[in-house]
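Participant: In the numbering used here, the protein residues as written are 1 to 395.
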Ligand SMILES: Cc1ncc(COP(=O)(O)O)c(C=O)c1O
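Next comes the structure, spelled out in structure tokens:
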């Protein structure tokens, strides 16, 4: 359900300065980095997507611990913003979500009945996304057993594969289901769904091809609401919206329209703590493998974040941070617990032990970090480590 007050914020929101490092909080003082998650920005992103869907209900995809941001904090904030249907990948995630949000209307498990026994889905009030004829048969069997206990039809979503070749009924299984509709007896089809492979590339011909295949599949199946669009799919236009949007990553601030301005607000800020600052002079190298060599007098700040925290090793000699008003490069290799920054160009009083540098922040959005790392924002978010002191704003 989309809230009626879902007026769209017009475009990119201004950068938030974000909070301080949790001053006075001993846990924050001990942590090597502070991860701030802005639940108000998350809620605004949900409403922004609702506005784009223009009246079509909008679910929220909260798998992988709410894309790394904390399922039990993210999902209730989305519920308060108006979300009623939630998608996770695994049954364990669904059970955790049901515990955190008993009032959620629907919790769907994308990995379907392969993720766990039908009885557990029923006991936890969790809806499977049926991905094969075998799963359809299992759910029907569960429905038949439920019929003895005077239960109603069992709700499920049915996933048809229209071109991503991952999960969902392949064409041959769809043919069988259409020829033998009794296979769906006892099952209430809450949605027929499919998933786009190239939604972030609007010009890709597979988008239109999948849309056509999805429409054709729906026409052959019993009438049921449909769900097709992920974050980027929502921005492909109304033809892709059907009856339920299914965004994930855009909620968390990643740009669903690559190459165009990001319509979403940044949700995440990651501030690493400087442990030491040292002056070095050429010839001198920095870090494992001696992959960076100082060209002259250089100040190096060592920050308490490493690949064990999800700061990807591919950011070695490629990433950057913001210190004061200055972009400072990562020099040398990212190690398990540490990175090294060349802070020669930063204001001398800004680089000192205890100072915080933005590794993700207003000037350094997740998408930019991902690009420097040679990956996508999804991976940066879902890799965010467990050692960070987490601060949740608003919500
Ligand atoms: C089936 C399905 N639907 C929706 C989503 C949400 O996609 P996005 O995060 O790109 O919005 C995913 C994410 O991988 C998915 O697998």
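We put the CB at the ideal spot given by N, CA and C, even for glycine. Given the structure is predicted, the values throughout are model-derived calculations rather than measurements.
(1) Would the segment 67–79 count as touching the segment 47–54 if we require 3 or more Cβ pairs under 8 Å?
(2) CA-CA distance, residue 118 and residue 85?
(3) Distance check for residue 180 and residue 209, CA to CA, integer angstroms please.
(4) Out of 383, 311, 97, 277, which one is the CA nearest neighbour of residue 124?
(5) Could you please give the first and the last residue of the uninterrupted beta strand (DSSP E) stretch that includes residue 210?
(6) Could you tell me if the beta carbon of residue 61 falls within a distance shorter than 6 Å of some heavy atom in ligand 1?
(7) Assign residue 307 to one of three DSSP states: helix, strand, or coil.
(8) Under three-state DSSP, which class holds residue 316?
(9) Measuring only from the beta carbon, is residue 352 closer than 6 Å to any heavy atom that is part of ligand 1?
(10) Taking only runs that begin and end inside the segment 21–55, name each unbroken beta strand (DSSP E) of 3 or more residues, in chain order.
(11) Taking the alpha-carbon positions, what's the residue 139 to residue 261 distance?
(12) Are residue 387 and residue 281 touching if we call contact CB-CB under 7 Å?
(13) I believe residue 177 touches residue 110 by the beta-carbon criterion, under 8 Å. Please report the beta-carbon distance rounded to the nearest angstrom.
(14) So what does DSSP say about residue 367, is it helix, strand or coil?
(15) Pull up the distance between the alpha-carbon of residue 121 and that of residue 127, whole angstroms please.
(16) By alpha-carbon positions, which one of 231, 344, 354 ends up nearest to residue 198?
(17) So, helix, strand or coil for residue 172, using DSSP?
Facilitator: Looking at the coordinates:
(1) These segments do not touch.
(2) Taking the straight line from one Cα to the other gives about 20 Å.
(3) 26 Å
(4) 97
(5) Unbroken run through residue 210 is the alpha helix (DSSP H), 205–220; no beta strand (DSSP E).
(6) yes
(7) Residue 307 falls in the helix class under three-state DSSP.
(8) coil
(9) no
(10) As far as the segment 21–55 is concerned, its whole beta strand (DSSP E) runs of at least 3 residues are 33–38.
(11) Roughly 44 Å between the two C-alpha positions.
(12) no
(13) That belief does not hold up - the Cβ atoms of residue 177 and residue 110 are roughly 19 Å apart, past 8 Å.
(14) helix
(15) 6 Å
(16) Nearest C-alpha to residue 198: 231.
(17) In this structure, residue 172 counts as helix in the three-state DSSP scheme.
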